[in-house]
Each structure stands twice: as C-alpha cells, then as structure tokens.
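Chains W and C, in that order, give the protein sequences. Here the first sequence is numbered in the working numbering, starting from 180 and rising by one per residue. Here the second sequence is numbered in the working numbering, starting from 180 and rising by one per residue. Let me begin by presenting the structure, written as structure tokens, before commenting on it.
Number of protein chains: 2
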Amino acid sequence: MEDEKLENARERVIDSISKNMDIYSVTPSVGRLYGAMFFEKEPMTLDEMKDKLQMSKTSMSTGVRTLLDLNMIEKVWRKGERKDLYEVKSDWYQTFTDFFCIHWRKGIEMNRDACKESITELMELLEDDIPHEKRITAQEDLDRMSYALGYYEWLNKVVDLFESREIFDVIDKVE
Amino acid sequence: MEDEKLENARERVIDSISKNMDIYSVTPSVGRLYGAMFFEKEPMTLDEMKDKLQMSKTSMSTGVRTLLDLNMIEKVWRKGERKDLYEVKSDWYQTFTDFFCIHWRKGIEMNRDACKESITELMELLEDDIPHEKRITAQEDLDRMSYALGYYEWLNKVVDLFESREIFDVIDKVE
DNA sequence: TAGATTGTACAGTTTTTTCTGTATGTACTG
DNA sequence: CAGTACATACAGAAAAAACTGTACAATCTA
Numbered sequence: 180m181e182d183e184k185l186e187n188a189r190e191r192v193i194d195s196i197s198k199n200m201d202i203y204s205v206t207p208s209v210g211r212l213y214g215a216m217f218f219e220k221e222p223m224t225l226d227e228m229k230d231k232l233q234m235s236k237t238s239m240s241t242g243v244r245t246l247l248d249l250n251m252i253e254k255v256w257r258k259g260e261r262k263d264l265y266e267v268k269s270d271w272y273q274t275f276t277d278f279f280c281i282h283w284r285k286g287i288e289m290n291r292d293a294c295k296e297s298i299t300e301l302m303e304l305l306e307d308d309i310p311h312e313k314r315i316t317a318q319e320d321l322d323r324m325s326y327a328l329g330y331y332e333w334l335n336k337v338v339d340l341f342e343s344r345e346i347f348d349v350i351d352k353v354e
Numbered sequence: 180m181e182d183e184k185l186e187n188a189r190e191r192v193i194d195s196i197s198k199n200m201d202i203y204s205v206t207p208s209v210g211r212l213y214g215a216m217f218f219e220k221e222p223m224t225l226d227e228m229k230d231k232l233q234m235s236k237t238s239m240s241t242g243v244r245t246l247l248d249l250n251m252i253e254k255v256w257r258k259g260e261r262k263d264l265y266e267v268k269s270d271w272y273q274t275f276t277d278f279f280c281i282h283w284r285k286g287i288e289m290n291r292d293a294c295k296e297s298i299t300e301l302m303e304l305l306e307d308d309i310p311h312e313k314r315i316t317a318q319e320d321l322d323r324m325s326y327a328l329g330y331y332e333w334l335n336k337v338v339d340l341f342e343s344r345e346i347f348d349v350i351d352k353v354e
C-alpha cells in the first residue's frame with residue numbers, strides 16, 4: 180500500500196527524466212537508468228541495474244559508460260567490494276555546466292577552424308586578379324564567414340561564463 | 180580555377196557545419212542543407228535544394244520543416260513566385276538563444292511537474308501513520324525531489340536570462 | 001473548368017542504432 | 001596455481017530512423 184504510493188511517486192519522476200533525457204542526446208533507456216540510480220540510496224552494481232531495469236548486463240555496461248562520459252554519474256570505491264559501484268553525481272548544477280560546456284565547445288572549435296582556414300584562402304584569392312563576379316562572391320562569402328567567426332567568439336565567451344562558474348554570480352543557485 | 184578555390188572554401192565550412200549540427204540534434208544531411216542555404220545568396224526552392232544536395236525532394240521538404248521548427252531558416256515571400264522560398268535566418272545570436280530556450284524549457288517543465296506531483300503525494304503519505312522505514316524512504320525521496328525542483332528553478336532563470344536578451348548585457352555580441 | 005505545378009503524406013527500402021547472448025580477458029580468492 | 005566472479009568486446013538480432021518514389025491534395029493558369 181505505502182509501497183505502491185512510494186513506487187508511484189518515484190516512477191513518475193523516473194519516467195519524466197527518462198523521457199526528457201533526449202536533451203542530453205541520450206536514449207530513454209539510459210535516461211531510465213539514470214533515473215533509477217537517482218533514487219537509489221546506495222551506489223549500484225551492474226547486476227542490480229540489470230535486475231531493476233530488466234535489461235541485459237551489456238546494456239547496463241554501455242549505459243553506465245555513456246553516463247560516465249557525460250559526467251552524470253561516478254564510480255564509487257568501497258573496500259571489500261568486488262563489483263564496480265556507481266552513483267549519480269549529486270551536484271546537478273555542475274552536471275549541467277559540464278554538459279553545456281563540452282557540448283558547445285566541441286561545435287564551436289571545429290567550425291571556427293574551418294572558417295579561419297577558408298577566410299585565409301579567400302583573402303589570398305582576393306589578392307589575385309580575378310573576374311569581378313568571382314570577386315563579389317568571394318567578398319560575400321568572406322563576410323558571412325567573418326560573421327560566423329564573431330558569433331563563435333561570443334559563444335565561446337558564453338561557455339566561459341559557465342565554465343568559470345561566474346554564471347552563479349549572475350543567477351544564484353536555488354537552495 | 181577560381182571557381183574551385185571558392186568552392187573549396189565553401190565546402191570546408193559547409194562540411195564542418197554539417198558535422199557539428201548534431202549539437203542541435205539534427206542529422207548531418209539536414210546540417211548540410213543548412214550549410215548550403217547559408218552560402219546561397221538568394222532564397223532557395225525545394226527543387227534547387229534537391230539539385231544541390233542530390234537528394235529527394237521529400238527529404239528536402241522534411242529537412243526544411245526541421246530547420247523551420249528550429250527557427251534556423253524562414254520562409255520568404257516573393258511576388259509572382261509559385262514555389263516556396265527559404266533562407267537561413269541571419270541573426271545567429273537569436274537562433275542560438277531560441278534553440279537554447281526551447282530545448283531546455285521543454286526538459287524543465289515536464290520534470291518539474293512530475294516532481295511537484297510526486298512531492299504532494301509523498302507529503303500526504305507522510306501525514307499518515309506509516310512504518311518508520313517507509314517514512315525514512317519517503318523523506319529521502321522528498322529531499323531529492325526538492326533538490327531537483329530547486330535546480331529546475333535555477334535552470335529556468337538561466338533560460339530567462341537568454342530569452343530576455345539580458346545575456347547580451349553580460350556577454351557583449353561580437354561585431 | 002481542365003490542366004499544370006507544387007508540397008507533402010504515406011508506404012516501402014535502406015541504413016543506423018540499440019539491445020542481447022556468448023566469449024574472452026582481467027582481477028580477485030583460496 | 002586453479003578456480004571464480006566480473007566487466008566488456010564482439011557479432012548478430014531487433015528496433016528505430018533516414019531516405020526514396022509514388023500518389024494525391026491544394027493552388028495556380030489559361
């Protein structure tokens with residue numbers, strides 16, 4: 180009776196987390212795994228996960244690796260315990276900023292490099308004596324890429340804001 | 180000759196954009212479509228896209244819809260033109276904040292509601308006379324959910340920061 | 001109104017991703 | 001050292017997603 184109510188309350192939240200974990204580019208199964216771990220008092224073993232979620236141990240293994248890569252869970256060491264133990268990282272603010280930073284830095288860097296390289300090429304091209312029409316196109320592309328570069332610079336600063344934790348000066352954590 | 184250089188410069192950037200569009204949860208094909216439109220001076224029709232990308236018109240149609248949903252491109256009206264025309268939105272800062280806000284609000288709202296509902300249930304449960312052990316569990320779950328709620332509140336404020344454009348007071352746009 | 005033209009719904013195919021069971025390497029235990 | 005317990009690599013099966021071609025509804029043209 181009380182069990183059921185407790186279970187329902189948990190299940191609702193786990194379900195919601197699972198459904199929304201796609202914002203972290205993660206499959207619902209992995210989301211469910213995270214949700215399950217979130218409510219577990221003790222760190223979990225792969226076998227416990229597999230029993231809980233009724234899935235293969237292999238899936239638990241890969242799911243755990245995914246969550247580790249996302250810095251959402253961590254490995255716990257406990258003496259005399261042979262199995263690996265995992266629990267969710269307790270600081271969700273940190274988890275968010277980690278994800279945000281990794282996610283966007285990745286996208287920024289590569290695009291910025293590509294833009295820089297192409298900008299150089301186009302500038303060289305513009306020094307040559309080329310048909311007027313090509314010159315126009317080159318100049319337009321150059322403008323576009325320069326705009327992109329400025330945007331990436333801004334975005335980088337936004338990421339810095341989170342990475343440096345200054346964001347918490349702007350928006351206080353909620354206790 | 181110049182054509183080739185121009186093409187190379189573009190292709191490099193389009194390629195990079197395409198590869199990195201997964202940060203917008205978008206397939207490389209759609210990323211390539213976006214990249215192509217980015218460099219196109221004039222708004223494009225579906226047929227032009229299909230010729231450019233050598234893909235089916237259906238794919239262009241769904242791709243365009245995806246990009247429209249993301250507020251990354253917009254429909255352009257031009258008199259005497261029967262075909263639909265599309266071009267990339269020019270304000271990338273706006274595009275970013277739109278995406279950021281939609282993306283995170285979605286995740287927040289549902290989880291927050293789930294937490295609220297479950298919190299209410301658990302509080303009711305705690306008013307009853309229940310076994311000590313259950314009481315402990317209920318209280319622990321309650322704490323976890325309250326923490327989550329606080330975090331979501333914070334995240335909401337972060338989204339507000341972007342939506343209200345105050346972020347540009349914190350981090351200036353780069354010209 | 002008949003005849004084109006255009007965008008998309010839909011069904012089927014291909015490709016990609018997720019999931020599982022077995023097999024294997026590693027590390028602990030006695 | 002043999003024996004056990006564990007996590008994961010790998011290959012194949014199942015499921016999901018992306019892509020295509022056809023069909024059709026809506027809109028324009030004459």
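Note that CB positions come from ideal geometry on N, CA and C, so glycine has one too.
In whole angstroms, what is the alpha-carbon distance linking residue i and residue j?
| i | j | result |
| --- | --- | --- |
| P207/W | M289/C | 15 Å |
| L247/C | A327/W | 20 Å |
| A188/C | I315/W | 15 Å |
| K236/W | R344/C | 46 Å |
| T276/W | D263/W | 26 Å |
| K336/C | E227/W | 37 Å |
| D270/C | D182/W | 53 Å |
| C280/W | H311/C | 43 Å |
| T245/C | E260/W | 49 Å |
| R191/W | K285/W | 34 Å |
| V338/C | W283/C | 7 Å |
| S204/C | E332/C | 24 Å |
| D322/W | S297/W | 11 Å |
| N199/W | T224/C | 35 Å |
| Y213/C | E306/C | 56 Å |
| R291/C | K352/W | 16 Å |
| Y272/C | Y330/W | 7 Å |
| D201/C | S240/W | 24 Å |
| T274/W | L304/W | 46 Å |
| N250/W | F278/W | 8 Å |
| K229/C | S238/C | 8 Å |
| K184/C | E219/W | 58 Å |
| K313/C | E354/C | 59 Å |
Can you list, in chain order, the residues of its chain with a C-beta nearer than 7 Å to that of residue i? Leave out the 5 residues immediately preceding and following it.
| i | result |
| --- | --- |
| K231/W | A215 |
| R211/C | I193, S197, L232 |
Whose Cβ in chain W lies nearer than 7 Å to the Cβ of residue i?
| i | result |
| --- | --- |
| E183/C | Those within 7 Å of E183/C in chain W number zero; the least Cβ separation is about 10 Å. |
| T316/C | L185 |
| K313/C | E181, L185 |
| S195/C | M289, N290, A293 |
| I281/C | Neighbours of I281/C on chain W: none; closest Cβ ~10 Å, over 7 Å. |
Along chain C, which residues have their Cβ under 7 Å away from the Cβ of residue i?
| i | result |
| --- | --- |
| S204/W | S204 |
| A188/W | S297, E300, L301, D320 |
| V209/W | By Cβ distance, chain C contributes nothing, its closest Cβ being about 15 Å from V209/W, past 7 Å. |
| G286/W | N199, I202 |
| V243/W | Chain C residues near V243/W: none, gap ~20 Å exceeds 7 Å. |
List the residues of chain W that residue i touches, going by C-beta distances under 8 Å, in chain order.
| i | result |
| --- | --- |
| Y272/C | Y330, W333 |
| R191/C | A293, E296, S297 |
| N250/C | Those within 8 Å of N250/C in chain W number zero; the least Cβ separation is about 15 Å. |
| V337/C | I346, I350 |
Could you tell me which chain C residues have their CB closer than 8 Å to the CB of residue i, listed as they occur along the chain?
| i | result |
| --- | --- |
| A215/W | What A215/W touches in chain C: nothing, since even the nearest Cβ is about 13 Å away. |
| L340/W | V349, I350 |
Taking 8 Å as the limit between beta carbons, can you name the residues of its chain near residue i, skipping five residues before and five after?
| i | result |
| --- | --- |
| P222/W | V255, R257, L264, Y265, E266 |
| D320/C | S297, L301 |
| L340/C | I346, V349 |
| I309/C | A317 |
| V209/C | M200, G242, T245, L246 |
| I287/W | Y331, L334, N335, V338 |
In chain C, which residues lie with their C-beta within 9 Å of the C-beta of residue i?
| i | result |
| --- | --- |
| L305/W | Ordered by position in chain C, no residue passes the 9 Å Cβ test against L305/W, which lies about 10 Å from the chain. |
| F278/W | By Cβ distance, chain C contributes nothing, its closest Cβ being about 11 Å from F278/W, past 9 Å. |
Along chain W, in chain order, which residues have C-beta atoms closer than 9 Å to that of residue i?
| i | result |
| --- | --- |
| R323/C | V192, F217, F218 |
Short of 6 Å in beta carbon distance, which residues of its chain neighbour residue i, apart from the five on each side in sequence? Order them along the chain.
| i | result |
| --- | --- |
| M180/C | none |
| F217/W | V267 |
| E253/W | K268 |
Report task. Write down every uninterrupted run of the alpha helix (DSSP H) in the stretch 188 to 272 of chain W whose length is 4 residues or greater and which is fully enclosed by it, in chain order. Result -> Listed in chain order, they are 207 to 218, 225 to 232, 236 to 248.
Report task. Let me know the beta strand (DSSP E) ranges lying completely inside the stretch 259 to 343 of chain W, each 3 residues or longer, listed in chain order. Result -> Scanning the stretch 259 to 343 of chain W from its first residue to its last, the whole beta strand (DSSP E) runs of 3-plus residues come out as 264 to 267.
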